[in-house]
Every structure is written in C-alpha cells, then in structure tokens.
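Reviewing the structure listed below.
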Amino acid sequence: MPMNYARTALLLAVLTAIFVALGAAVGGKSGLVVAFFAAMVMNAFSLWKSDTAVLHMFNAQEVDGRTAPEFVQLVRDLAKRAALPMPRVYVMNNPQPNAFATGRNPSNAAVCASTGLLETLNRGELAGVMAHELSHIKNRDTLTMAVAATIGGAVSMFAQYLQFGMLFGGGRSDDRGGLGILGTLAAIIIAPMAAGLVQMAISRSREYQADRMGAMICGNPLWLASALRKIDRSARRIENPEAESVPAAAHMFIINPLNGHGVDNLFSTHPNVENRIAALEALAREMGVTAGTRGEAESSDWDAMPDSSDDSRGEVWIGGQRYTKPPSPWG
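Going by the UniProt record's numbering, the first residue of the sequence shown is number 1, and it counts up by one from there.
Right, here's the structure in full:
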C-alpha cells in the first residue's frame with residue numbers, strides 16, 4: 001500500500017508539472033509562477049471540496065431513506081460490511097448506466113449512481129457496483145482521482161486557451177519569455193495527451209483493486225462481472241452529455257462514460273472490460289462461487305437486507321420520480 005501511495009504522488013506531481021509547463025508556455029517565467037500557485041490552490045480545493053465540485057458537475061441529487069429507501073439501505077448494508085462510515089448517497093438523472101464515488105476521506109465520502117444504472121441492473125449487480133465504489137473510498141482512491149480530474153481539466157483548458165491565442169496571433173515570443181509559436185503548438189498537442197496518459201495510469205491499476213475488493217465486500221464476484229458487462233454494452237450506445245463536457249473526469253466512473261462517442265481505447269482511463277470480467281470470474285472460482293449462488297454473503301447483516309424473493313417488480317421513488325425496481329437475483 002505505501003508503494004501505491006508513492007506511485008500516485010509521483011503521478012500527481014507529473015500532472016502538476018504539465019500544468020506549470022503550460023503556464024510557462026503562456027506567460028514565460030511569470031506564467032510559470034502563476035501556474036504553480038494555481039496548481040497549489042487547485043490541489044487544496046480538491047482536497048477539501050472535491051466531492052461537492054464533482055457532484056455539482058454531474059447535477060447529482062442527494063437521496064435518503066425517504067426518497068430512495070431500497071437503494072440507500074443497500075448502500076448502508078454494504079458500508080457496514082466494508083467497515084466504512086455511511087457515505088452520502090446521490091442519484092444523477094442520466095440514462096447511461098454508470099456510477100462513481102468521491103470525497104477526501106471515508107468520513108467525507110459520497111457515492112452516486114445514475115438513474116440508468118438503477119433501472120438496468122438487478123439487485124445483486126447493483127450491490128456489486130456499489131461495493132466497487134465503496135472500495136475506492138476504503139482505498140482512499142477518491143481524493144486522488146478528484147485531484148487528477150481537477151488538474152487534468154485545467155490542463156485541457158490551458159491547451160484550449162493556447163489554441164485560441166494562436167488563432168488570434170498569439171504564441172509569438174516576446175519579452176515575457178514565452179515558448180514562441182513552435183513551443184505553444186507543441187504544448188497544445190502534447191500537454192493534453194500527457195495529462196490523459198497520467199490519468200490513465202492512475203485509474204487503470206485502481207480499477208482492478210476496487211473490482212477485487214468490491215467482490216469480496218458483496219460476496220459474489222459474478223454480480224460485479226455481470227454488471228460490468230451490462231454497463232459497458234449500454235455505455236457504448238447511450239451518450240453521457242455531462243461527462244462529454246468534462247472528459248477529464250471520465251476516470252472517476254466505473255465504466256468509461258465517453259464510450260458514446262467511441263473514444264479511442266489508446267487513451268482510455270479504464271482497463272479493458274473483458275479483462276476485468278475475466279479477473280472477477282477467476283476470483284469467483286477461487287472463492288468457490290458459481291452462478292446462482294450467494295457465495296460468501298452469509299452474514300446476518302447481509303441476510304437482513306430487504307429483497308423480493310417473488311421476483312416482482314415494484315416501484316421506488318428516487319429524487320421525486322418513480323422508477324421500476326429491478327428484480328432480485330435471489331428469487
């Protein structure tokens with residue numbers, strides 16, 4: 001674990017360095033200094049307000065035991081199994097099935113699911129997804145990913161600024177010590193690519209860890225494997241406009257939300273879905289779990305979770321709207 005933290009710190013340092021280098025491209029030495037302090041402010045902001053910023057970014061609405069009783073209860077029981085404080089629970093009104101977690105630490109964390117996720121998955125699959133997100137909280141991945149999203153977004157914004165400046169005669173060397181038109185052109189092309197590679201490196205290793213821990217929390221790796229297959233299939237045909245407008249935050253989701261536009265896999269922030277599913281199926285074999293079994297989910301806390309053994313499709317209110325309740329996988 002210390003090695004993981006050291007690797008993450010190094011990656012974030014590289015991302016900050018890219019941002020500072022872009023500052024130098026814009027304003028020379030003075031731009032470098034401004035960008036350095038701006039990066040420090042962004043890191044501090046991400047440390048204390050990352051959850052609020054990200055949730056606002058995706059227009060997420062907080063729900064509770066009154067507005068989404070079954071969903072909140074499921075998260076509560078999973079958090080208890082994971083030995084975590086109860087996170088705040090949010091729902092974003094988006095047809096693409098997806099989810100993410102955010103927050104600077106387990107005591108100040110939130111999980112968010114889309115309405116598409118709640119409508120697409122059955123109860124076991126939803127448990128697998130939310131256990132995955134709780135794993136990110138337990139591993140303290142959420143802060144790292146939020147900081148990366150903030151600075152990565154700033155890098156993209158800076159590159160757009162440079163491109164805009166070139167269109168209107170900017171980019172020339174002057175007494176500010178800027179990099180000139182060639183340096184600016186290189187920054188426009190290289191900086192976003194480098195930032196994307198750093199974000200990709202942060203996310204990919206974390207996703208495998210969260211998959212494994214999430215499977216252990218919910219007790220059945222096959223639930224998460226099935227959920228990933230369904231989410232990936234839907235995400236490829238359902239666009240996520242909010243995520244498209246903030247691509248630097250794509251790595252926060254359980255499945256790449258930009259698949260709606262067929263983003264090149266070379267710069268994907270997530271591991272290949274089939275590889276993730278294969279790893280979960282291998283874990284299921286290790287645990288002796290087969291399709292249709294409850295695996296290791298035998299604790300009284302888990303058994304107490306409400307479910308519909310008659311496989312009926314009731315209704316649940318989420319954020320003031322009525323949604324169909326997915327069938328139970330335990331029928």
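For each residue, glycine too, the CB sits at the ideal point set by N, CA and C.
Item                                                                                                      : Value
Separation of Ser30 from Leu126, as counted between CA atoms                                              : 50 Å
Test item: CB-CB of Arg276 and Tyr208 under 8 Å                                                           : yes
Host beta strand (DSSP E) of Val111 (start-end)                                                           : 109-114
Backbone secondary structure at Gly103 - three-state DSSP                                                 : strand
Touching by the beta-carbon criterion (3+ pairs, under 8 Å), the stretch 217-233 and the stretch 130-143  : yes
N- and C-terminal bounds of the alpha helix (DSSP H) containing Arg76                                     : 69-81
Residue from Pro221, Ser107, Arg66, Ala35 whose Cα sits closest to the Cα of residue 332                  : In this structure the chain extends from 1 to 331, so residue 332 is not present and cannot be described.
Any 3 or more C-beta pairs closer than 8 Å across the stretch 49-68 and the stretch 32-39                 : no
Tyr90 (DSSP reduced to helix, strand or coil)                                                             : strand
Residue environment, Ser234, which counts as buried when at least 16 other CB atoms sit within 10 Å       : buried
Exposed unless 16 or more other CB atoms sit within 10 angstroms - verdict on Asp141                      : buried
Collapsed DSSP secondary structure at Val273 in the structure displayed                                   : helix
Given Ala99 as reference, the closest of Thr120, Ala83, Ala82, Met86 once Cα atoms are compared           : Thr120
Where the beta strand (DSSP E) containing Glu239 begins and where it ends                                 : Segment: none, Glu239 is in no beta strand (DSSP E) and carries neither H nor E.
With 16 other Cβ atoms within 10 Å as the buried cut-off, status of Pro87                                 : buried
Counted within 10 angstroms of its Cβ, other Cβ atoms place Trp48 as buried (16 or more) or exposed       : exposed
Reduced DSSP category for Gln61 - H, G, I as helix; E, B as strand; rest coil                             : strand
The stretch 65-84 contacting the stretch 11-21, beta-carbon criterion three pairs below 8 Å               : no
Residue from Glu244, Gly23, Met213 whose Cα sits closest to the Cα of Phe158                              : Gly23
Cα-Cα separation, Ile151 to Leu143                                                                        : 12 Å
Exposure label - residue 393; buried when at least 16 CB within 10 Å                                      : Past the edges of the chain, shown from 1 to 331, lies residue 393, and the structure says nothing about it.
Proximity to Phe253 [Cα-Cα], best of Met216, Ala9, Gln96, Arg212                                          : Gln96
Alpha carbon of Leu283 to alpha carbon of Cys218, nearest angstrom                                        : 13 Å
CB of Glu244 within 8 Å of CB of Asn94, strictly                                                          : no
First through last residue of the alpha helix (DSSP H) which encompasses Leu134                           : 123-138
Nearest candidate by alpha-carbon position, reference Val246, set Ala148, Val89, Val111                   : Ala148
Buried versus exposed call for Leu222 [16 or more other C-beta atoms within 10 Å across all chains shown] : buried
Candidates Arg237, Glu239, Ala113, Glu281, of which the one nearest Ala215 by Cα                          : Glu281
Ala154 versus Asn139: straight-line alpha-carbon distance, rounded                                        : 25 Å
C-beta atoms of Val91 and Ala110 nearer than 8 Å                                                          : no
Span separating the alpha-carbon of Gly65 from that of Pro257                                             : 28 Å
Residues that Phe253 bridges to, as DSSP identifies them                                                  : Phe100
Spatial distance of Leu224 from Asp211 (CA atoms)                                                         : 8 Å
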